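Only one structure is covered here, and it is reproduced in the block below.
Number of protein chains: 2
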Amino acid sequence: MQVGERPEGSDRRHHVVVVGAGFAGLNVARRLGRAASDTPLRITLVDRHNHHTFQPLLYQVATAGLESDSIGHSVRGLFRRLPVDVRLGTVVGVDWDARRVELDDGASLDFDTVVFAAGAESADYGIEGVSEHAFMLKWIPDALRLRNHLLRQFERVESHPELIEQGALNFVVAGGGPTGVELSGAIAELVEHVVQRDHPNVDIAKVRVVLVEMMDALLGTYSQASQRYARRALEERGVEVRTDTAIEAVEADEVRLSDGERIPTATVVWTAGVRANPLADVLGLEQGKGGRVKVAGDLRVPGRADAFVVGDLAAVTGKDGQVLPQLAPVAIQQGQHVADQIVRLRRGEPTAPFRYRDRGTMATIGRRDAIAELALGVKLHGSLAWLSWLGLHLLYLVGFRNRVAVLGNWAYAYLTYDRAARLIIELEPPPGDDDDRAQGAHR
Amino acid sequence: MQVGERPEGSDRRHHVVVVGAGFAGLNVARRLGRAASDTPLRITLVDRHNHHTFQPLLYQVATAGLESDSIGHSVRGLFRRLPVDVRLGTVVGVDWDARRVELDDGASLDFDTVVFAAGAESADYGIEGVSEHAFMLKWIPDALRLRNHLLRQFERVESHPELIEQGALNFVVAGGGPTGVELSGAIAELVEHVVQRDHPNVDIAKVRVVLVEMMDALLGTYSQASQRYARRALEERGVEVRTDTAIEAVEADEVRLSDGERIPTATVVWTAGVRANPLADVLGLEQGKGGRVKVAGDLRVPGRADAFVVGDLAAVTGKDGQVLPQLAPVAIQQGQHVADQIVRLRRGEPTAPFRYRDRGTMATIGRRDAIAELALGVKLHGSLAWLSWLGLHLLYLVGFRNRVAVLGNWAYAYLTYDRAARLIIELEPPPGDDDDRAQGAHR
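If you read the protein sequences in the order shown, they are chains A and B.
Going left to right, the first sequence walks through residues 1 to 443 as the working numbering numbers them.
Going left to right, the second sequence walks through residues 444 to 886 as the working numbering numbers them.
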């Protein structure tokens with residue numbers, strides 16, 4: 001069949017448009033695709049990337065532990081055997097009356113049911129200089145940019161040791177949540193295991209890794225015992241943990257803290273907050289904290305039978321009265337729930353409310369060290385938690401091939417203390433100039 | 444030891460500076476490093492990338508067959524166990540009187556002996572529009588840029604099928620040497636095996652892969668039988684082979700050929716020529732064709748006892764009176780030879796002339812198909828040549844881990860007809876905007 005000859009107008013099947021191929025959207029589309037043999041449905045999945053990004057492992061790409069391709073999976077590849085149309089594009093608006101979503105390339109998609117699963121993005125809370133000078137860690141290019149930058153700092157001080165006094169080897173991570181804990185631990189281990197061997201001329205005692213958290217403890221949602229464990233484990237690895245400290249401003253060559261200290265640095269990584277995808281702001285729907293869209297118990301938009309919001313984009317109240325956290329398990333369960341509700345509605349059955357089954361959370365700190373808080377009050381620290389973390393992340397990782405590749409990388413890193421992916425691959429070569437050094441100390 | 448405290452002045456060992464970590468430079472440094480236990484030598488290897496690039500497989504990265512990190516290897520990682528200092532930087536000049544090379548970051552390196560192994564770069568021969576509009580294939584970012592672009596063309600025609608008439612699915616490869624043959628075959632297979640399954644709405648009969656060669660045959664240095672075999676094998680895969688045809692000009696939306704035809708296209712890949720690294724032009728030495736530096740039989744600069752030039756940068760005449768081709772085996776053998784001569788000179792022995800042992804050349808065309816012309820007149824076509832090609836490239840690939848990764852990718856691709864690395868990872872995200880679609884149809 002030729003492009004453009006798709007029987008758009010003649011296809012009478014109920015058309016579900018899913019916006020976003022993160023954990024939530026992927027699960028909506030996959031489960032609907034499997035149901036489509038029984039229930040006549042046309043399914044279209046739209047995403048602005050051609051790949052699903054496994055965001056929990058971005059920090060390992062940033063610290064040279066994993067290759068970027070291992071944590072992404074072609075969206076088209078995932079739906080080869082399911083009746084799901086994939087479309088590359090960014091949804092920029094919705095026409096509720098016409099039941100149509102609008103794409104940035106001028107095209108649009110008519111829907112009978114729409115599921116918004118567009119996720120979240122980094123939020124700078126208006127703090128001066130964050131958007132200009134800080135590194136974010138949300139997509140694969142962010143991780144590659146940070147990896148290039150980290151590795152380049154050590155190369156720069158080989159030629160210009162005076163840059164150490166200007167903070168070239170000070171690495172500041174903003175935000176003491178799981179991402180900040182994992183990233184600062186991983187940077188400390190990169191320095192200890194890799195930089196020390198790669199750069200015998202660099203005194204790694206001059207490296208500072210500083211983790212800054214506004215609240216009085218790391219890992220705010222964890223138990224106090226786990227919080228203390230994380231702090232101690234990071235400090236043992238040489239990370240300076242600064243709780244009760246806010247970032248006042250980020251500048252090109254330093255960061256200003258709320259206690260008045262200024263740390264000279266070329267590297268601030270911002271993991272301190274997320275807000276809903278800006279798409280949430282143009283849907284014309286009621287929004288809660290962080291811009292998330294308020295939804296009813298069955299995850300539908302209040303007052304609309306044909307629209308669901310799921311994952312990080314949705315504000316859903318759990319049984320404890322708190323809004324559910326922006327985590328992969330929540331997104332996965334919500335995606336599956338919405339697919340089931342769409343099938344029920346097509347069969348004329350009523351929807352069921354969503355209930356989150358919390359099986360626990362985990363954060364890794366470093367080599368053979370992690371924290372796991374599981375169901376029934378089980379708390380693990382250390383090696384066993386780390387093994388659980390490895391297993392769970394392999395399980396969640398999309399694609400058999402990626403699992404093999406990641407397992408191989410982890411085994412290699414574990415056995416050799418090495419990081420294979422430590423190439424500086426320039427992301428922004430100047431046009432018509434293949435000499436990447438011409439960029440100098442770009443950020 | 445702290446940075447800056449290196450005993451530069453007090454180190455009385457003979458200092459060899461090797462410029463370039465390609466096949467030639469890597470082999471000089473490795474062999475010298477191994478000899479340094481017997482012969483007191485200080486060795487410094489300078490490269491503008493922090494990794495060695497295995498250029499023969501760049502076309503596989505560009506066509507989503509291999510992940511980029513598999514064909515690069517950290518230079519520092521290669522020299523952890525050898526007494527070789529690694530320096531990231533671009534050499535921009537030499538002061539022959541002071542015996543010093545100058546780096547782009549303002550630093551310089553004093554040498555007792557210098558080996559220039561800075562390689563070659565793409566040459567556009569002054570043809571209009573090549574440097575502005577054509578894709579090159581020399582470094583990993585080039586390959587990633589081409590991969591993103593190729594994959595994006597198919598995504599674009601999903602939304603805008605009218606772009607097919609404007610040439611969105613016309614892919615033109617300029618140059619019928621091994622790289623052009625391998626790349627055009629790989630694009631044709633990408634379309635047949637991957638695009639057809641990923642994009643069921645796209646009519647792949649509309650795809651054109653055109654290989655343009657100025658001379659009257661592909662693979663100019665091969666036998667006529669091999670040349671004919673390559674042409675037929677490519678044509679069977681749907682590649683249009685246009686010999687006796689020159690590229691007159693490349694424009695943003697078309698390419699003009701010497702026979703007057705204009706092919707509308709957004710994709711011209713330039714593999715039609717190389718010239719010596721621009722460093723050759725500032726050394727003040729006599730240059731031959733393509734800017735290559737003329738050297739004596741022992742690979743030294745005529746009239747200088749302390750300077751060698753090797754690899755693609757050097758013009759060396761073989762026993763048949765022809766200048767040796769710019770191939771990996773030549774570079775490897777020259778690198779080893781120069782290391783040996785430096786050791787001989789340190790021992791007060793005379794240098795020996797370089798003799799190239801030609802063990803043959805190979806080019807792959809596609810799945811289970813290649814051409815090999817080996818020593819003693821052995822010519823292989825088809826499966827056996829392909830297996831030889833696989834084995835040889837695994838052998839030349841630097842690093843045990845890379846070999847395992849590449850072998851794994853090849854096995855996966857062979858068994859599944861799939862290409863794992865088909866992620867569009869934006870190289871040039873607009874600052875402060877993580878929406879990569881905002882770039883539109885960037886080239």
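Even for Gly, the Cβ is constructed at its ideal location relative to N, Cα and C.
What you are looking at is a predicted structure, and each value in this text was computed from that prediction instead of being measured.
query, result
"For the segment 231-239 of chain A against the segment 358-377 of chain A, are there 3 or more C-beta pairs whose distance is under 8 Å?", "yes"
"Is the segment 645-661 of chain B in contact with the segment 517-536 of chain B, if contact means three or more CB pairs nearer than 8 Å?", "no"
"Given a threshold of 16 other Cβ atoms within 10 Å of its Cβ, counted over all protein chains shown, does A/Gly-220 qualify as buried or as exposed?", "exposed"
"Work out the CA separation of A/Ala-117 and A/Tyr-59 for me, nearest whole Å.", "23 Å"
"For B/Asp-538, count neighbouring Cβ atoms within 10 angstroms of its own Cβ and tell me buried if that reaches 16, exposed if not.", "exposed"
"What residues in the segment 352-365 of chain A have a beta carbon less than 8 Å from any beta carbon of chain B?", "none"
"Taking the beta strand (DSSP E) that B/Glu-683 belongs to, which residues open and close that run?", "682-685"
"Count the other CB atoms, across all protein chains shown, that sit within 10 Å of the CB of A/Arg-443; report buried if there are 16 or more and exposed otherwise.", "Here A/Arg-443 scores only 31 on pLDDT, less than 50, and its place in the model should not be relied on; the value that follows carries that caveat. Under this definition A/Arg-443 is an exposed residue."
"Can you tell me which residues form a DSSP beta bridge with A/Asp-369?", "A/Gly-366"
"Which of helix, strand or coil does DSSP assign to A/Gly-20?", "coil"
"CB B/Val-725 to CB B/Ala-467, shorter than 7 Å?", "no"
"Across the segment 325-336 of chain A and the segment 138-155 of chain A, are there enough close Cβ pairs to call them in contact, namely three or more that are closer than 8 Å?", "no"
"Quick one: list the residues of chain A neighbouring B/His-592, beta-carbon separation under 9 Å, in chain order.", "Chain A residues near B/His-592: none, gap ~12 Å exceeds 9 Å."
"Would you kindly work out how many angstroms separate the C-alpha atoms of B/Val-459 and B/Ala-566, rounded to a whole number?", "30 Å"
"Along chain A, in chain order, which residues have C-beta atoms closer than 7 Å to that of B/Glu-608?", "In chain order: nothing, as chain A lies at least about 11 Å away."
"Would A/Ala-107 count as contacting chain B if we go by Cβ distances under 7 Å?", "yes"
"What separation, rounded to the nearest whole angstrom, lies between the Cα atoms of B/Trp-582 and B/His-494?", "10 Å"
"Give the DSSP bridge partners of B/Ala-692, in chain order.", "B/Glu-571, B/Arg-699"
"Is the segment 332-349 of chain A in contact with the segment 296-308 of chain A, if contact means three or more CB pairs nearer than 8 Å?", "yes"
"What's the call for B/Glu-605, buried or exposed, on a 16-neighbour Cβ count within 10 Å?", "exposed"
"Using a Cβ-Cβ cutoff of less than 8 Å, which residues in the same chain neighbour A/Val-404 once the five nearest sequence positions on both sides are dropped?", "none"
"Quick check: the Cα distance between B/Ser-511 and A/Leu-66, rounded to an integer number of angstroms?", "12 Å"
"Assign B/Tyr-665 to one of two classes, buried (16 or more other C-beta atoms within 10 Å of its C-beta) or exposed (fewer than that).", "buried"
"Residues of chain B with a CB under 7 Å from the CB of A/Ala-463: which are they?", "Nothing about residue 463 of chain A can be read from this structure; chain A reaches only from 1 to 443."
"Please check the pair A/Lys-206 and A/Ile-263, which I expect to be a contact at CB under 8 Å, by giving their CB distance rounded to whole angstroms.", "So it is not a contact: roughly 14 Å between Cβ atoms."
"Can you tell me whether DSSP reads A/Gly-180 as helix, strand or coil?", "helix"
"Can you find a CB in chain C that lies within less than 7 Å of the CB of A/Asn-50?", "No chain C appears in the structure shown, which is made up of the protein chains A and B."
"Measuring straight from C-alpha to C-alpha, what distance separates A/Glu-261 and A/Trp-389?", "36 Å"
"Between the C-alpha atoms of A/Leu-299 and A/Thr-351, what's the straight-line distance to the nearest angstrom?", "10 Å"
"At a CB-CB cut-off below 9 Å, which residues of chain B make contact with A/Ser-159?", "Arg-530, Leu-531, Gly-532, Leu-546, Asp-548, Gly-549, Ala-550"
"Using alpha carbons as the reference points, say which of B/Arg-718, B/Ala-563, B/Gly-620, B/Val-634 lies closest to B/Thr-804.", "B/Gly-620"
"Cβ of A/Gly-33 within 7 Å of Cβ of A/Gly-119?", "no"
"Taking DSSP as the reference, what is the three-state secondary structure of A/Ala-276?", "strand"
"Using a cut-off of 9 Å between C-beta atoms, extract the partners of A/Gly-119 located in chain B.", "Simply none; closest approach about 11 Å."
"Ignoring anything shorter than 3 residues or poking outside the segment 286-331 of chain A, list the beta strand (DSSP E) runs there in chain order.", "307-309"
"Using a beta-carbon distance cut-off of less than 8 Å, what residues from the segment 239-255 of chain A approach chain B?", "none"
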